[in-house]
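Participant: Just passing along the structure, written as structure tokens.
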Amino acid sequence: MKKTMQLWGLFLMVGMLVFASSCKKDEVVTPAKSLYERLGGNAAISAVIDQFVANVAGDARINAFFADAAASPARLTKLRNNLINQVAAATGGSEKYTGLDMKTSHKGMGIEDSHFTALVEDLALALDKFKVPTAEKTELLTALAGLKADIVEGPKSLYVRLGGNPAITLVIDDFIGKVAADTRINAFFAAAAASPARLNKLKLNLVNQIGEASGGPEKYTGLDMKSAHKGMKITDAQFNALVEDLQASLVKFSVESRTKIQLLGALGGMRADIVGQ
Ligand code: HEM
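Just so you know, we're using my numbering here: the sequence shown kicks off at 38 and counts up by one.
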């Protein structure tokens, strides 16, 4: 009887050991799927990013940042592919992200908390559109939230984003050269172009005007816009030509699109005092 009991005990132990080892084996045979696989791989991630890019393009809270990319198909495609590869690589896919690091690529843009939140909301909407389950959505958004410290710089004045007085001076020098060569409007500036002292004064006035208007310490001491353009009969087309020249100089110095739009918008506000006087 004692022997039979011992034998049963032995069987029980062996049985438990076999059960335990088979459990372990099962865990090894079916490893947890990566987030990349659970999202649906490259095709599904690409579809989400396309929807995300469309959401951002329609989002007035942040689309000014992407105006230059939106205006250039090659640049937009590059951004799209960078985003797909970045999400794929971060979630366990074999894709390689070859773009800039997040700190470098967003430096100087003055991205604020509210901009970051808006962009994450646009991504969440894209994930919802493709019915990505809550667990995967949260996992992806949490991973991206970890990049926030490298992307958000906090509010920066237009002046700082332009690069302060030295950068504004370079842009204005280039702009004056463009205006002098622009036959649509250069006749207005013939007298200034003929006098170095007068041209320097005009340059200084322009730099100080932009400096002051963009939040810098400069003080504009010239005439108000109405008095300065009195009797010139400047047309809308001529005003537009001047804005185009300034825009070309801002592009030359790689001024980021939101900053460019804000500066040109501020100058656009002076149109009524300049045109038709
Ligand atoms: C987790 C959030 C974000 C991720 C993962 C991300 C990712 C990226 C990537 C991969 C690039 C391309 C880098 C390269 O060109 O090499 C990029 C560029 C850029 N990002 Fe972000 N970004 C994020 C947040 C933001 C926010 C909040 C803004 C502004 C609202 C922003 C604005 C831009 C702009 C303007 C560019 C340059 C686009 C161009 O003109 O080519 N990003 N971002």
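Positions of the beta carbon are idealized from the N, C-alpha and C atoms, including for glycine. Bear in mind the structure is a predicted one, so any value in this text is a computation, not a measurement.
Check for me: the alpha helix (DSSP H) holding N223 runs from which residue to which?
Facilitator: Locating residue 223 in the sequence shown gives position 186, counting from the first residue. First-last for N223: undefined, no H or E at that position.
Participant: Going by the CB atoms, is the gap between L72 and G129 shorter than 8 Å?
Facilitator: Looking up residue 129 in the sequence shown gives position 92. Looking up residue 72 in the sequence shown gives position 35. Contact flag set, yes.
Participant: Is DSSP giving D87 helix, strand or coil here?
Facilitator: For the purposes of this step, residue 87 is taken as residue 50 along the sequence shown, with counting starting at 1. Residue state, collapsed to three classes: helix.
Participant: Would you identify the three-state DSSP class for F290, choosing helix, strand or coil?
Facilitator: By one-based count along the sequence shown, residue 290 stands at place 253. It is coil, neither helix nor strand.
Participant: Should the region 93-105 be regarded as contacting the region 153-172, the criterion being three or more beta carbon pairs within less than 8 Å?
Facilitator: The answer is yes - the region 153-172 touches the region 93-105, with three or more Cβ pairs under 8 Å.
Participant: Which same chain residues end up closer than 8 Å to D165 when comparing Cβ atoms and leaving out the 5 residues on each side of it in sequence?
Facilitator: Position 128 of the sequence shown holds residue 165. Closer than 8 Å at Cβ, skipping near neighbours: K174.
Participant: Pair every Cβ in the region 211-230 with every Cβ in the region 280-300, then say whether three or more of these pairs are closer than 8 Å.
Facilitator: With a cut-off of 8 Å, the region 280-300 and the region 211-230 count as touching, because enough Cβ pairs lie within range.
Participant: Report whether the distance from the Cβ of G130 to the nearest heavy atom of ligand 1 is below 7 Å.
Facilitator: By 1-based counting over the sequence shown, the position of residue 130 is 93. Incorrect: G130 has no Cβ contact closer than 7 Å to ligand 1.
Participant: Go to G248, then tell me how far its alpha helix (DSSP H) extends in each direction, as first and last residue.
Facilitator: In the sequence shown, the residue the question calls residue 248 occupies position 211. Taken as a continuous stretch (DSSP letters only), the alpha helix (DSSP H) holding G248 covers 233-250.
Participant: If V90 sits next to R117, beta carbons under 8 Å apart, how far is it from one beta carbon to the other, in whole angstroms?
Facilitator: Within the sequence shown, numbered from 1, the residue matching residue 90 stands at position 53. Within the sequence shown, numbered from 1, the residue matching residue 117 stands at position 80. Right, their Cβ atoms sit about 6 Å apart.
Participant: The alpha helix (DSSP H) that contains S142, what's its start and end?
Facilitator: Working through the sequence shown from its first residue, we reach residue 142 at position 105. It spans 139-142 - the alpha helix (DSSP H) in which S142 sits, taken as one unbroken run.
Participant: Check each candidate in L184, L260, G77, F102 and name the one with the smallest Cα separation from E293.
Facilitator: Against the sequence shown, residue 293 aligns to sequence position 256. Checked all of L184, L260, G77, F102; the closest Cα to E293 is F102.
Participant: I'd like to know whether the C-beta atoms of L177 and L300 end up nearer to each other than 8 Å.
Facilitator: Taking the sequence shown and counting its residues from 1, one reaches residue 177 at position 140. Taking the sequence shown and counting its residues from 1, one reaches residue 300 at position 263. Contact: no.
Participant: In this structure, does DSSP put R117 in helix, strand or coil?
Facilitator: Counting from one through the sequence shown, the residue named residue 117 turns up at place 80. Here R117 sits in helix by DSSP.
Participant: Should A127 and A180 be called a contact, given that it needs their Cβ atoms to be closer than 8 Å?
Facilitator: Counting from one through the sequence shown, the residue named residue 127 turns up at place 90. Counting from one through the sequence shown, the residue named residue 180 turns up at place 143. Going by C-beta atoms, A127 is nearer than 8 Å to A180.
Participant: To the nearest angstrom, how far is the alpha carbon of D211 from that of N242?
Facilitator: Residue numbering aside, residue 211 sits at position 174 when the sequence shown is read from its first letter. Residue numbering aside, residue 242 sits at position 205 when the sequence shown is read from its first letter. The alpha-carbon atoms of D211 and N242 are separated by roughly 15 Å.
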